[in-house]
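Take 1 as the starting number for the sequence shown in my numbering and just add one per residue.
Every residue, glycine too, gets a C-beta built ideally from N, C-alpha and C.
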Amino acid sequence: MLKQLVFSLALLATLATFAWTMRKLFNNFKFTKKLPLTHIPERIRITLEVAIGQTKIFRHPVMGFLHALVFWGFLVILIGSIEMVIDGLFGTERVLGALEPFYDVLIATGDVFAAIIFISILVFLSRRLFIKVKRFYGPEMKPVSKADANIALSFILFLMVSLLGMNTFYLLDVNSPDEQLSGVYPVSIFIASFFTTLNPSQIHFWHEFNWWAHILLIFVFANILPYSKHFHVFMSVPNVFVSRISPLGYAENMESITKEVKMMLDPQSAFSASTEAPPKFGVSDAEDITWVNYMNALSCTECGRCTAVCPANITGKLLSPRKIMMDVRARMKEKGPGLRASGSAYSDGKSLIGDYITEEELWACTLCNACAQECPVNIHQPSLILDMRRYLVLEKSAAPAGLNNAFTNIENNGAPWQFSPQDRMKWADDLFINETV
């Protein structure tokens, strides 16, 4: 009974802390722009393919396969974690054991996956600590970012150690005729062979120790994740579901611009003065982004696959698509408390453009969409970059000189070239081309 009481208090504290953190994060969505969610069947298909199937991660075959195994393993082990919560609340032991033979398959799969995840995490940690993988570095990757990754991987490593330890000593602890072994443990039964010399009290102690260690690590890890880049453990699947489904190179029209053009083309609009406040074009700060942009920022894994394929970054320019998403997340984290306290009118004298992201970074982007193509969680960085450019052009007239010349020519000549429309065919005067064709 004491065990159930302690467990219930720990679970309550975990859920309360997690709910408080998530409430703060998701209250920020109230200050983002609305965006309709359509084509649900197509989104489900993409989620199954990209998020559950992990198809984009396989572009790096070896590491991608290991990451996919870790993801699929966590899905299986999650069911075992739910069973542990039920056991902790009601004082049962392997409560789902009655579901044989399904339970045997589930536990055997989880036991094997625990060993696979343990080995995979060792590989991931070794790459970060001993092998200088270029995409793990960059000006935006501060020491805290590197420590964050190492801490999260270490947590997962200890989670697998405690899980295998719990299974191992469970096998040894079930030794009386009245107790029936639940599940099949192909890996743990091998590990158990090294601990047969322990006496029953020692075995029971280590069984309980590993059970508590595993469940408490889960509770602590769940409350660390929202402050970590590994928040994508929770956010990646829903992010893929809400991600952009139009072709990568398609530029979405701005509703506000469309409305302005329609008003100019409508003769009646001159007699119907609008009472609405003038619209703001583009994105300059955190509250101008859409809720999907913010979801993207929360889901960014900081893996660097986007930056590794960015032609601007590769050729030495300042742009890093990873930094763009990290900056959006950091800016909302900074401004969010003020927005929640004072509303959308709050200003701290800073801005996303200028204080976080420079104009040079934005104009370095070629909009080639290589970053969006590569992102394993379907973040579309170019659409956000394009919206920030739109703000610079439409609100600040702060385009590069070459573009400003083109804009002036379009306004005066109806084309980006600097000559009169009447002179467009002069180049063909000596070529005997019929201009009426």
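Legend entry - Any 3 or more C-beta pairs closer than 8 angstroms across the stretch 149-164 and the stretch 228-240: yes
Legend entry - Contact check, R322 vs A297, beta carbons under 8 angstroms: no
Legend entry - Same chain only: Cβ atoms within 7 angstroms of I191, ignoring 5 sequence neighbours per side: By the criterion of a C-beta distance shorter than 7 angstroms, I191 is surrounded in its chain by L164 and T168, once the five residues flanking it on both sides are discounted.
Legend entry - Simplified DSSP state of K34, which is helix, strand or coil: In the three-state scheme derived from DSSP, where H, G and I count as helix and E and B as strand, K34 is classed as coil.
Inset, instruction - Output the residue ranges of the alpha helix (DSSP H) runs that lie fully inside the stretch 241-299 and measure 4 residues or longer, sorted by chain position. - result: If we require 4 residues or more, the alpha helix (DSSP H) runs fully inside the stretch 241-299 come out as 255-265 and 291-299.
Legend entry - Counterpart residues of I357 in DSSP-defined beta bridges: I353
Inset, instruction - Mind checking which residues open and close the alpha helix (DSSP H) that includes V112? - result: F102 to F130
Inset, instruction - Measure the alpha-carbon distance for F31 versus K280 and round it to whole angstroms. - result: Just so you know, the alpha carbons of F31 and K280 end up roughly 15 angstroms apart.
Inset, instruction - Classify N313 as buried or exposed, calling it buried when 16 or more other Cβ atoms lie within 10 Å of its own Cβ. - result: With 16 or more other Cβ atoms from the protein chains shown falling within 10 Å of its own Cβ, N313 counts as buried.
Inset, instruction - From the DSSP output, in three-state form, read off F58 for me. - result: helix
Inset, instruction - Output the distance between the C-alpha atoms of N210 and D111, rounded to the nearest integer angstrom. - result: 15 angstroms
Inset, instruction - Return the CA-CA distance between G53 and V261, expressed in angstroms with no decimal places. - result: 43 angstroms
Inset, instruction - Look up V437 in the DSSP assignment and say whether it is helix, strand or coil. - result: Any answer about V437 is weak, because its pLDDT of 49 lies below 50 and its placement is not dependable; what the coordinates show is given next. Looking at V437 - three-state DSSP - the assignment turns out to be coil, as it is neither helix nor strand.
Legend entry - Backbone secondary structure at A428 - three-state DSSP: Helix, per DSSP.
Legend entry - 6 angstroms Cβ shell around S243 - same chain, five flanking residues per side excluded: N378
Inset, instruction - Return the CA-CA distance between A152 and F221, expressed in angstroms with no decimal places. - result: 8 angstroms
Legend entry - For P382, three-class secondary structure by DSSP: helix
Inset, instruction - Go ahead and pull the three-state DSSP assignment for G91. - result: coil
Legend entry - Cβ neighbour criterion (16 or more within 10 Å) applied to A149: A149 should be labelled buried.
Legend entry - Buried versus exposed, by CB contacts within 10 Å (16 or more), G304: buried
Legend entry - Local conformation of D148 per DSSP, three classes: helix
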